[in-house]
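Q: Residue numbers (the numbering used here): 0 to 275.
(1) Restricting to Cα atoms, I'd like to know which of 38, 29, 28 and 47 is closest to residue 261.
(2) Could you check whether the stretch 56–75 touches the stretch 95–109, counting it as contact only if at least three pairs of C-beta atoms, one from each stretch, sit closer than 8 Å?
(3) Have a look at residue 120 and residue 21 and give me their C-alpha separation to the nearest angstrom.
(4) Have a look at residue 39 and residue 114 and give me their C-alpha separation to the nearest angstrom.
(5) Taking 8 Å as the threshold (C-beta atoms), are residue 192 and residue 161 in contact?
(6) Report the three-state DSSP secondary structure of residue 65 (helix, strand or coil).
(7) Per DSSP, residue 280 forms a beta bridge with which residues?
(8) Near residue 64, what residues of its chain come up, given a Cβ to Cβ distance below 8 Å and the 5 sequence neighbours on each side ignored?
(9) Would you report the Cα separation of residue 248 and residue 187, rounded to the nearest angstrom?
(10) Comparing C-alpha positions only, which one of 77, 190 and 244 sits nearest to residue 110?
(11) What number of angstroms, rounded off, separates the C-alpha of residue 268 from the C-alpha of residue 239?
(12) Look at residue 19 and residue 50 and say whether their C-beta atoms are less than 8 Å apart.
(13) Count the CB pairs spanning the stretch 219–239 and the stretch 136–151 that are closer than 8 Å, and state whether there are at least three.
(14) Look at the alpha carbon of residue 29 and the alpha carbon of residue 176, and state the distance between them as a whole number of angstroms.
(15) When DSSP builds the beta bridges, which residues end up paired with residue 179?
(16) Please tell me whether residue 219 and residue 164 are closer than 8 Å, where the distance is taken between their beta carbons.
(17) Does DSSP put residue 267 in a helix, a strand or coil?
(18) Tell me the start and end of each unbroken beta strand (DSSP E) in the stretch 90–145 that is at least 3 residues and wholly inside, in chain order.
(19) If I measure Cβ to Cβ from residue 215 and keep anything under 6 Å in the same chain, skipping five residues before and after, which residues do I get?
(20) Excluding five sequence neighbours on each side, which residues of the same chain lie with their C-beta closer than 6 Å to the C-beta of residue 198?
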């Protein structure tokens, strides 16, 4: 009897370990405009609280972009979390491969803050209509990038970053408090979020365009400006969630923000968190 009980206990322990949500966290350090090193430390604490098995992909800014070219880098994970700032990046191979992790490989993604302000030349700084009519959003891509892409990839879809994030953003407001209003109260991501929560001094990201498949979850109001700050969007075989707050460490230390990360990964992965 004792041996059988020990065996059952061992099987239970193995099963519990196997059921841990495997999360890949992608960032770069130290960060020019953002404190990515302390944010990484906080994310590790959040992951421990949630009972996740967290793997970190980090390094210097340019080296990280090269890593994003690695085929199938997110395969085997239940979710990938991106917290980086590649605004000036023109590496289309990195952007396309990152998108393929979700659209083709089916790994859901959580995009945080300046992840939205990345690959601007694919959707913000160029010419309207440059990529053609068969896209959800209103990307303004640089014509030289579009020409380069067509030369190398033919008719394959141009990696317009704003279409991948779902809510495209190109600027932000001053560092002032944001009042956050829940738009979809029945959604699993927002059920623990306090409607009317007010942040500390932080940045409100604007909305250049929102593609038609986006589900807005939370709106942020800063003075007379408002914008969608949390949302989900289907992408190929899976989906993304965007969370455009989170500029500074005080944002990351706030319990409602941490709960959005936990509940977002829980929702995306389809696995239950052990967080209280």
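All C-beta atoms, glycine included, are put in the ideal place defined by N, C-alpha and C.
A: Checking against the coordinates, here is how it stands:
(1) Here residue 261 is taken as the residue at index 262 of the chain shown, counted from 1. Nearest of 38, 29, 28 and 47 to residue 261, Cα basis: 47.
(2) yes
(3) As a working mapping, residue 120 is identified with position 121 in the chain shown. As a working mapping, residue 21 is identified with position 22 in the chain shown. Distance between the alpha carbons of residue 120 and residue 21 is about 32 Å.
(4) Here the question's residue 39 lines up with position 40 in the chain shown. Here the question's residue 114 lines up with position 115 in the chain shown. Cα-Cα distance, rounded: 14 Å.
(5) Within the chain shown, numbered from 1, the residue matching residue 161 stands at position 162. Within the chain shown, numbered from 1, the residue matching residue 192 stands at position 193. No; because the gap between Cβ atoms is not below 8 Å, this pair is not in contact.
(6) As a first step, residue 65 must be located in the chain shown, where it is residue number 66. Looking at residue 65 - three-state DSSP - the assignment turns out to be helix.
(7) Residue numbering for the chain in the displayed model covers 0 to 275; residue 280 lies beyond these limits and cannot be assessed.
(8) Taking the first residue of the chain shown as 1, we reach residue 64 at position 65. Answer for residue 64: 85, 88, 90 and 93, listed in chain order.
(9) Numbered from its first residue, the chain shown carries residue 248 at position 249. Numbered from its first residue, the chain shown carries residue 187 at position 188. Cα to Cα, residue 248 sits roughly 25 Å from residue 187.
(10) To locate residue 110, count along the chain shown from 1; it is residue 111. Checking every option, the nearest Cα to that of residue 110 belongs to 244.
(11) Working through the chain shown from its first residue, we reach residue 268 at position 269. Working through the chain shown from its first residue, we reach residue 239 at position 240. Looking at the two C-alpha atoms, the distance is approximately 11 Å.
(12) Numbered from its first residue, the chain shown carries residue 19 at position 20. Numbered from its first residue, the chain shown carries residue 50 at position 51. Cβ distance < 8 Å, so residue 19 and residue 50 count as in contact.
(13) no
(14) Within the chain shown, residue 29 is the residue found at index 30, counting from 1. Within the chain shown, residue 176 is the residue found at index 177, counting from 1. Going from the Cα of residue 29 to the Cα of residue 176 covers about 25 Å.
(15) Locating residue 179 in the chain shown gives position 180, counting from the first residue. Looking at the DSSP assignment, residue 179 forms a beta bridge with 196 and 219.
(16) Taking the chain shown and counting its residues from 1, one reaches residue 219 at position 220. Taking the chain shown and counting its residues from 1, one reaches residue 164 at position 165. The answer is no: Cβ separation not under 8 Å.
(17) Residue numbering aside, residue 267 sits at position 268 when the chain shown is read from its first letter. If DSSP states are grouped into helix, strand and coil, residue 267 belongs with the helices.
(18) 108–111
(19) Here the question's residue 215 lines up with position 216 in the chain shown. Within the same chain, residue 215 has close Cβ partners 182, 227 and 230.
(20) For this step, residue 198 is matched to residue 199 along the chain shown. Counting only Cβ-Cβ distances below 6 Å, and skipping sequence neighbours, we find 176 and 177.
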